[in-house]
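Engineer:
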Amino acid sequence: MIEDNTGAFLNKVSQNFRLGDVTAWEHLKNGNINQTYRVDVKTPKGKRTYILQKINSVAFKTPWKNVENHALITKHISEKLKNDPDIGRKAVKLYKTAAGSYLYTDKNGDYWRAMTYIYGAVSVNKPDRLIMEKTGEAFGTFQSLLSDCPAELLHETIPGFHDTERRMENLKQAAERDICGRLPEVREEFEFLTSFPEYASFFRRNYEAGLIPLRVTHNDTKCNNVMFDADTFEPLAIIDLDTVMPGFAAHDFGDALRFGANTASEDEEDLSKVGFDMEMFKAFVRGYIPMVMDSFMPYELETLPVGVVSITLECASRFLTDYLEGDVYFITRKPKHNLIRAKCQIELIKAELSCLSEMKEEVIRIYKEATSKKGLYTRSIAAQAKV
Numbered sequence: 044m045i046e047d048n049t050g051a052f053l054n055k056v057s058q059n060f061r062l063g064d065v066t067a068w069e070h071l072k073n074g075n076i077n078q079t080y081r082v083d084v085k086t087p088k089g090k091r092t093y094i095l096q097k098i099n100s101v102a103f104k105t106p107w108k109n110v111e112n113h114a115l116i117t118k119h120i121s122e123k124l125k126n127d128p129d130i131g132r133k134a135v136k137l138y139k140t141a142a143g144s145y146l147y148t149d150k151n152g153d154y155w156r157a158m159t160y161i162y163g164a165v166s167v168n169k170p171d172r173l174i175m176e177k178t179g180e181a182f183g184t185f186q187s188l189l190s191d192c193p194a195e196l197l198h199e200t201i202p203g204f205h206d207t208e209r210r211m212e213n214l215k216q217a218a219e220r221d222i223c224g225r226l227p228e229v230r231e232e233f234e235f236l237t238s239f240p241e242y243a244s245f246f247r248r249n250y251e252a253g254l255i256p257l258r259v260t261h262n263d264t265k266c267n268n269v270m271f272d273a274d275t276f277e278p279l280a281i282i283d284l285d286t287v288m289p290g291f292a293a294h295d296f297g298d299a300l301r302f303g304a305n306t307a308s309e310d311e312e313d314l315s316k317v318g319f320d321m322e323m324f325k326a327f328v329r330g331y332i333p334m335v336m337d338s339f340m341p342y343e344l345e346t347l348p349v350g351v352v353s354i355t356l357e358c359a360s361r362f363l364t365d366y367l368e369g370d371v372y373f374i375t376r377k378p379k380h381n382l383i384r385a386k387c388q389i390e391l392i393k394a395e396l397s398c399l400s401e402m403k404e405e406v407i408r409i410y411k412e413a414t415s416k417k418g419l420y421t422r423s424i425a426a427q428a429k430v
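Going by this note's numbering, the sequence shown wraps up at 430, each residue one higher than the last.
Here it is in structure tokens:
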């Protein structure tokens with residue numbers, strides 16, 4: 044919480060970033076991690092609007108790594124888009140303090156940053172097929188723009204974030220300890236999740252074999268992290284860059300679809316409502332593949348659907364681990380909330396597995412269709428990605 048008068052406090056933050064005097068502000072409550080404010084400031088050139096954000100130091104223990112990553116990729120994207128007349132809305136710029144830092148530390152020891160406000164833009168929480176296609180285009184463009192940005196230059200802001208094998212090992216250890224005595228009631232779910240070691244290890248094995256690269260990845264590819272033009276709904280920029288770090292493109296692809304193609308909410312108790320919407324998948328692929336086809340290897344493209352299953356397996360494992368450990372990580376809002384979430388994700392895994400062959404066929408079809416228009420279709424180094 045901000046202890047002082049909010050307006051006065053934000054004005055002090057703004058002054059430290061040399062933005063100007065705050066004349067109006069709004070607390071934006073869409074995010075779950077950081078505290079975000081939109082501020083209007085008075086400048087010699089008139090009113091300007093910016094984003095001021097207090098970084099959650101519990102979630103991000105080294106915030107300087109977050110802003111260094113952010114600055115690096117924004118610089119890279121800005122260079123690629125330097126001739127775009129709308130560049131101001133397509134690269135989320137960070138501002139520096141008078142001391143030359145991207146962070147301001149307040150009297151409570153909390154870290155703040157200042158960023159571009161994207162004018163005339165909206166985000167969407169519940170996508171339809173058109174928004175899903177545009178979301179695919181947005182994240183595909185993000186990947187394409189950063190395809191030649193060396194991933195090794197980025198900090199790992201959350202170590203092991205998408206290490207699915209480690210997540211599975213954590214689940215096994217939680218079950219072995221069973222500190223809350225909950226294992227008997229979740230034995231079926233535990234045995235299901237631990238029966239897919241090939242999916243947990245798939246991307247590590249392919250990376251070690253030299254078949255897929257590490258890339259700059261976003262790691263939170265929900266559609267509400269895309270800013271769309273308020274009039275045309277064309278994608279403008281990707282936001283919420285705290286989790287940008289080295290990773291596998293298929294995890295970003297998979298998480299977008301785990302969220303966007305699920306026919307139910309993440310904590311739906313009526314499991315008959317949970318399914319995988321192939322039409323939403325197809326819409327996302329139509330937007331995504333043409334954006335990345337020139338920078339991804341054909342085999343890498345064919346592995347993308349495996350990422351849908353892998354990331355859902357990882358998510359389900361995390362929910363069940365937290366339930367076994369006494370609900371200490373994820374915020375819960377009702378009894379057995381983490382178990383409900385885990386069961387929902389397990390049902391989604393079953394639906395995804397039943398669609399996996401169709402997903403692979405659709406990716407290859409869109410790739411062939413897009414490349415044939417340019418006369419570029421190249422045979423894959425493998426007939427199909429094998430788990």
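Glycine is no exception: its CB is placed at the ideal position from the N, C-alpha and C atoms.
Because the structure is a prediction, the values reported are computed rather than measured.
In the DSSP assignment, find the unbroken alpha helix (DSSP H) run with E368 in it and report its ends.
Structural biologist: It is not in any alpha helix (DSSP H) - E368 carries neither H nor E in the DSSP assignment.
Engineer: When burial is assigned at 16 or more other CB atoms within 10 Å of the CB, is Q478 buried or exposed?
Structural biologist: Residue numbering for the chain in the displayed model covers 44 to 430; residue 478 lies beyond these limits and cannot be assessed.
Engineer: Taking just the CA atoms, how far does P87 sit from T66?
Structural biologist: 14 Å
Engineer: I161 bridges to which residues according to DSSP?
Structural biologist: Per DSSP, none; premise fails for I161.
Engineer: Would you decide whether E241 is buried or exposed? Buried here means 16 or more other CB atoms lie within 10 Å of its CB.
Structural biologist: exposed
Engineer: At 4 residues or longer, and completely inside the segment 236-288: list those alpha helix (DSSP H) runs for me, N to C.
Structural biologist: 240-251
Engineer: Between which two residues does the beta strand (DSSP E) containing H70 stretch?
Structural biologist: D64 to L71
Engineer: Checking the sheet assignment: what are the DSSP bridge partners for I392?
Structural biologist: Per DSSP, none; premise fails for I392.
Engineer: Skipping 5 residues on each side, what residues in its chain have a beta carbon closer than 8 Å to that of K177?
Structural biologist: V269, F271, F276, E277, P278 and G330
Engineer: Judging by CA-CA distance, which residue of D310, E228 and H198 is the nearest neighbour of P106?
Structural biologist: H198
Engineer: Please state whether DSSP places L95 in a helix, a strand or coil.
Structural biologist: strand
Engineer: Flag this pair as yes or no: are the beta carbons of I351 and G297 separated by less than 8 Å?
Structural biologist: The question names Ile, but residue 351 in the sequence shown is Val. In this structure, G297 lies closer than 8 Å to V351 by Cβ.
Engineer: What is the residue span of the alpha helix (DSSP H) that R81 lies within?
Structural biologist: Run containing R81: none in the alpha helix (DSSP H); it sits in the beta strand (DSSP E), Q78 to T86.
Engineer: Write down the C-beta distance between F324 and L300 rounded to the nearest angstrom, noting that I regard them as a contact closer than 8 Å.
Structural biologist: 6 Å
Engineer: In this structure, how does DSSP classify L399 when only helix, strand and coil are distinguished?
Structural biologist: helix
Engineer: Could you check the C-alpha separation between S360 and E395 for me, to the nearest Å?
Structural biologist: 16 Å
Engineer: Cα separation between P193 and R258?
Structural biologist: 7 Å
Engineer: Does the segment 157-164 come into contact with the segment 82-96, if we say contact requires no fewer than three beta-carbon pairs (one atom in each stretch) closer than 8 Å?
Structural biologist: yes
Engineer: Taking the straight line between their C-alpha atoms, what separation do you get for A217 and Q388?
Structural biologist: If you draw a straight line from the Cα of A217 to the Cα of Q388, it is about 19 Å long.
Engineer: My output table needs one value for K108: the three-state DSSP class, helix, strand or coil.
Structural biologist: helix
Engineer: For N48, name the three-state secondary structure that DSSP assigns.
Structural biologist: coil
Engineer: Look up F319 in the DSSP assignment and say whether it is helix, strand or coil.
Structural biologist: Note: F319 maps to strand in three-state DSSP.
Engineer: With 16 other CB atoms within 10 Å as the buried threshold, where does K123 fall?
Structural biologist: With a 10 Å radius around the Cβ and a threshold of 16 neighbouring Cβ atoms, K123 comes out buried.
Engineer: Let me make sure I understand the geometry here. Which of T264, N262 and R247 has the alpha-carbon closest to that of P256?
Structural biologist: R247
Engineer: From the DSSP output, which residues share a beta bridge with T148?
Structural biologist: Y154
Engineer: Using the C-alpha atoms, what's the distance from G50 back to G63?
Structural biologist: 13 Å
Engineer: For K55, list the residues DSSP reports as bridge partners.
Structural biologist: Bridge partners of K55: none, in fact.
Engineer: DSSP puts N305 in a beta bridge; with which residues?
Structural biologist: F319
Engineer: For C398, which of Y154, L363 and F319 has the nearest alpha-carbon?
Structural biologist: F319
Engineer: List the residues that DSSP assigns as beta-bridge partners of G290.
Structural biologist: Residue pairing by DSSP places G290 opposite R258 in a beta bridge.
Engineer: According to DSSP, simplified to helix, strand and coil, what is E179?
Structural biologist: A small correction: the amino acid at residue 179 is Gly; Glu does not occupy that position in the sequence shown. In this structure, G179 counts as helix in the three-state DSSP scheme.
Engineer: So V167 packs on N267, CB below 8 Å; how close in whole Å?
Structural biologist: Correct: roughly 6 Å between the Cβ atoms.
Engineer: I'd like the list of long-range same chain contacts for I45, defined as Cβ closer than 6 Å, with 5 residues on each side in sequence excluded.
Structural biologist: Confidence at I45 is low in this model, with a pLDDT of 49, below 50, so its placement is unreliable and the value that follows should be read with caution. Result list for I45: F52, in chain order.
Engineer: Provide the residue(s) that pair with K118 in DSSP beta bridges, ordered along the chain.
Structural biologist: In DSSP, K118 forms no bridge with anything.
Engineer: Using a 10 Å radius around the Cβ and a threshold of 16 neighbouring Cβ atoms, would you call R408 buried or exposed?
Structural biologist: exposed
Engineer: Looking only at its own chain, which residues have a Cβ that is under 8 Å from the Cβ of T237, when we skip the five neighbours before and after it?
Structural biologist: M211, L214 and K215
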